[in-house]
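My numbering numbers the first residue of the sequence shown as 1 and each following residue consecutively. Data first, discussion second: the structure below is written as structure tokens.
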Amino acid sequence: MNLLLLTLGTFWVQLHGVPAFCMTIIVAKAIGAILGEVLWVDNRDGTYCVGHFIRIHLRFDVTQPLIRLTPDTFPKVGERIVNFKYEYLPENCFACGKIGHLTQVCIDKYELSQGSLTPSLLAQFSSVFVDLEGGTNLRGNSIGSSAQSTLTPSPPHKTPIHSP
Ligand SMILES: [Zn+2]
């Protein structure tokens with residue numbers, strides 16, 4: 001049995017902020033490699049990725065905190081921030097930013113060793129997954145959410161739905 005495999009998960013990840021003329025498979029693979037192994041790039045016409053963002057199927061280590069964004073330098077436009085949005089985030093933890101366990105489990109462990117959480121720490125933890133989940137598909141239609149809020153009483157931020 002290969003234990004390493006148990007830490008890997010596959011997810012659809014959206015890349016927002018790539019200049020339109022740079023939305024190619026090559027660019028998608030290069031940026032996706034920051035997160036993990038790119039299994040597939042969602043392209044509809046063979047060369048360019050069609051839509052408001054690039055969408056890639058990725059395999060990565062789920063024991064690491066999710067990466068939120070990366071600065072990238074593009075020809076002619078210079079540096080741009082590319083934001084990552086994860087589709088259908090599974091059980092996730094606001095405290096450490098990782099997926100695969102719920103916040104309460106992590107908070108309990110933290111409090112056992114560190115004592116009770118302060119309100120400011122709690123607020124900091126609560127913001128980990130805000131706006132990290134993809135809210136729309138390539139056509140701008142809502143794809144719903146699987147994120148569960150176990151810590152914050154307020155609903156998670158939703159990406160506004162853009163009309164096509
Ligand atoms: Zn955790």
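Glycine included, C-beta positions come from ideal geometry on N, C-alpha and C. In this text, all values refer to a predicted model and were calculated from it rather than measured experimentally.
Does DSSP put residue i in a helix, a strand or coil?
{"i": "T103", "result": "helix"}
{"i": "V13", "result": "strand"}
{"i": "V38", "result": "strand"}
Within a Cβ cutoff of 7 Å, which residues of the same chain sit near residue i, ignoring the five residues on either side of it in sequence?
{"i": "T73", "result": "E79"}
Name the residue from the options whose alpha carbon lies nearest to the alpha carbon of residue i.
{"i": "L8", "options": "I56, C22, G17, E37", "result": "E37"}
{"i": "S127", "options": "K98, E111, N141", "result": "K98"}
{"i": "H101", "options": "E91, K109, I107", "result": "E91"}
{"i": "I143", "options": "L89, A33, I34", "result": "L89"}
{"i": "G10", "options": "A28, D61, F125", "result": "Correcting the residue identity first, residue 10 is Thr in this sequence and not Gly. Among A28, D61, F125, the Cα nearest to that of T10 belongs to D61."}
{"i": "N205", "options": "G51, N43, V27", "result": "As shown, the chain starts at 1 and ends at 164. That puts residue 205 outside it, with no answer to give."}
{"i": "K76", "options": "D42, L121, F125, A20", "result": "A20"}
Leaving out five residues on either side along the sequence, give the residues of the same chain with a beta carbon under 6 Å from the beta carbon of residue i.
{"i": "V13", "result": "I56, L58, F84, Y86"}
{"i": "C22", "result": "F74"}
Residues in the same chain with beta-carbon distance under 8 Å from residue i, minus the five sequence neighbours each way, listed in chain order, please.
{"i": "V82", "result": "L15, H16, G17, V18, I31, L69, T70, P71, D72"}
{"i": "Y110", "result": "A95, L117"}
{"i": "P119", "result": "none"}
{"i": "W40", "result": "I56, H57"}
Give the list of continuous alpha helix (DSSP H) stretches no shorter than 4 residues that lie fully inside the segment 50 to 115.
103 to 114
Ligand 1: which residues have Cβ under 6 Å from any of its heavy atoms, chain order?
C93, A95, C96, K98, H101, C106
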